[in-house]
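**Q** Quick note: the sequence shown uses numbering that gives the first Met the number 0, first residue 0, plus one each step.
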Amino acid sequence: MNNIPNAHIATGALAPKAHPQAHGLSPALILLLATGAGLSVASLYYSQPMLGVLADDIGASERAVGMVPMSTQLGYALGILLLAPLGDRYDRRRIILIKAAVLTAALLLAGAASGIGMLLAASLAVGLAATMAQDIVPAAATLAPEQHRGRIVGTVMTGLLLGILLSRVVSGFVAEHFGWRAMFVGAAGSIALIGAAAWRGLPRFRPTTHLSYGALLGSLGSLVRKHGALRRAALAQGLVAIGFSAFWSTLAVMLHGAPFHLGSAAAGAFGLAGAAGALAAPLAGRIADKKGPELVTRLGIGLATVSFAAMALSPWFSTEGQLILIAVATIGFDLGVQATLVAHQSIVYSIEPGARSRLNAVLFVGMFIGMAGGAALGSLALAQWGWIAVVGLAVLTSLLALTVRLWPGAAKAH
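1. How far does the alpha helix (DSSP H) with P68 in it extend, from its first residue to its last?
2. Please report how far the alpha carbon of G369 lies from the alpha carbon of Q236, in whole angstroms.
3. Mind checking which residues open and close the alpha helix (DSSP H) that includes P137?
4. Go through its chain and collect everything with a Cβ distance to T402's Cβ below 6 Å, but skip five positions before and after it.
5. Using a threshold of 8 Å, state whether the C-beta atoms of A283 and G299 are closer than that.
6. Closest to M49 by CA distance: which of L399, R180, Y75 is it?
7. Spell out whether any CB of chain C is found under 8 Å from the CB atom of L322.
8. Where A309 and A338 are concerned, what is the direct C-alpha to C-alpha distance, given to the nearest angstrom?
9. Is S39 closer than 8 Å to I190 when the C-beta atoms are compared?
10. Mind listing, in chain order, the continuous alpha helix (DSSP H) runs of no fewer than 4 residues lying wholly within the segment 287-321?
11. Out of T34, G158, R355, G385, state which residue places its alpha-carbon closest to the alpha-carbon of A195.
12. If I follow the unbroken alpha helix (DSSP H) through P26, where does it start and stop?
13. Out of S248, A388, G86, which one is the CA nearest neighbour of T141?
14. State yes or no: is the C-beta of Y44 nearer than 7 Å to some heavy atom of the ligand SAH?
15. Along the chain, where does the alpha helix (DSSP H) containing L398 start, and where does it finish?
16. When you compare the CB positions of L106 and A112, do they come within less than 8 Å of one another, or not?
17. Where does Q383 land, buried or exposed, given buried means 16+ other C-beta within 10 angstroms?
18. Beta-carbon within less than 8 Å of T318's beta-carbon, same chain only, minus the 5 sequence neighbours each way: which residues are those?
19. Would you please state the rounded distance, in angstroms, between the beta carbons of L362 and G335? I believe it to be under 8 Å.
20. Which of the three DSSP states is assigned to R203 in this structure?
21. Counting pairs of beta carbons, one from the segment 142-157 and one from the segment 85-102, are three or more of them closer than 8 Å?
22. Pull up the distance between the alpha-carbon of A99 and that of R91, whole angstroms please.
23. Taking only the alpha-carbon atoms, compute the straight-line gap between S211 and A132 and give it to the nearest angstrom.
24. Can you give me the C-alpha to C-alpha distance between A274 and K289, rounded to a whole angstrom?
25. Assign L210 to one of three DSSP states: helix, strand, or coil.
Okay, here's the thing in structure tokens:
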């Protein structure tokens, strides 16, 4: 009981009992948290494989419909910055329930959109509300005893990462067989079910601060200045995210050209390879619990670096061999990136328990800056110098991230 001072259990017949398992969380509650994180973040990516069909149906140009995923990502970035810190000020359970309701409504609005303007507005709202994933992960960290925090956060992160990696595969299939509107309606239904389950199963959380909203946002800068471990985590994760995003944002274009001449479905299939890496996130959490998260950050970034570098050998392979090499490398770097993220979260959550939502916001803002930069730099590198330049960019930024983690004093910073 004394391992979760920031949470208390809701009263009433529907409330879960406190700590039904020795580690403080029942398997059902862990599954709820992992599923909620995965389904909420998946909402960001459902539209991407459907853009072509969607554009024809609502009469939008390719350029206009291309703003749909941009609006969603913009909403998510704004939500992380402006809404995620509220988890320290208010009951996280209430925030999760409110965001689930808003996300359900936004997805239904997207499914009912008759024009591009309505769809863009709905997409922005989807992005804002999908940040409930960034409330769920700190909730798991708060509920978990310290000795099991890495494993439990890793399990929840597996759900989140699988949501990212599999969302495109699911939406492409549903849109092809049932239409793009059915995908949005189905997604809304899944979030509504998660909201109902969270209402029944989630405990309440005591606020850890009484700062005003303005002071709460202002404290983000104070936390960054105060904690070197936070700065290192955000910087290193942002750097390794550059290579990750550069790869995924250029893969479909690269596979479409010579010598592969493959369609978008093939690029989506590589997401399944990435999912195999994401499944190992709980293992990274266990190692972080036993050996310390600093070791996991170094191993994870090292694995990502080696995996990215291996793709530079592809010109010496046959066409089939190149695809196999890229698939194996995808498993490797995805495992490395996700293990690094889990370890960084373990480091960040241990800095100041009363500020976990704000610390999480800083970490993910750093990561999304890297993701945005990686998409832009990767597209530029591919257009100017070809695929090998994308690989070189990923290797370089991964080495810089490893330097951040190996810099003298990094292990002492947390």
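Note that CB positions come from ideal geometry on N, CA and C, so glycine has one too.
**A** Checking against the coordinates, here is how it stands:
1. 66-81
2. Straight-line spacing of the CA atoms in G369 and Q236 works out to 8 Å.
3. 132-142
4. none
5. Cβ atoms of A283 and G299: closer than 8 Å.
6. R180
7. Among the chains of the structure shown, chain C does not appear; only one protein chain is present.
8. Rounded to whole angstroms, A309 and A338 show a C-alpha spacing of 19 Å.
9. yes
10. 292-309
11. The alpha carbon of A195 has as its nearest neighbour, out of T34, G158, R355, G385, the alpha carbon of T34.
12. 26-41
13. G86
14. Summarising the ligand content, the structure contains no ligands, and the ligand SAH is consequently not present.
15. 386-405
16. no
17. Around the beta carbon of Q383, a 10 Å sphere encloses fewer than 16 other beta carbons of the protein chains shown; the residue is thus reported as exposed.
18. P258, F259
19. Their Cβ separation, rounded to whole angstroms, is 17 Å, which puts L362 and G335 out of contact at 8 Å.
20. strand
21. no
22. Roughly 12 Å between the two C-alpha positions.
23. 23 Å
24. 25 Å
25. L210 carries a coil assignment under DSSP once its states are collapsed to helix, strand and coil.
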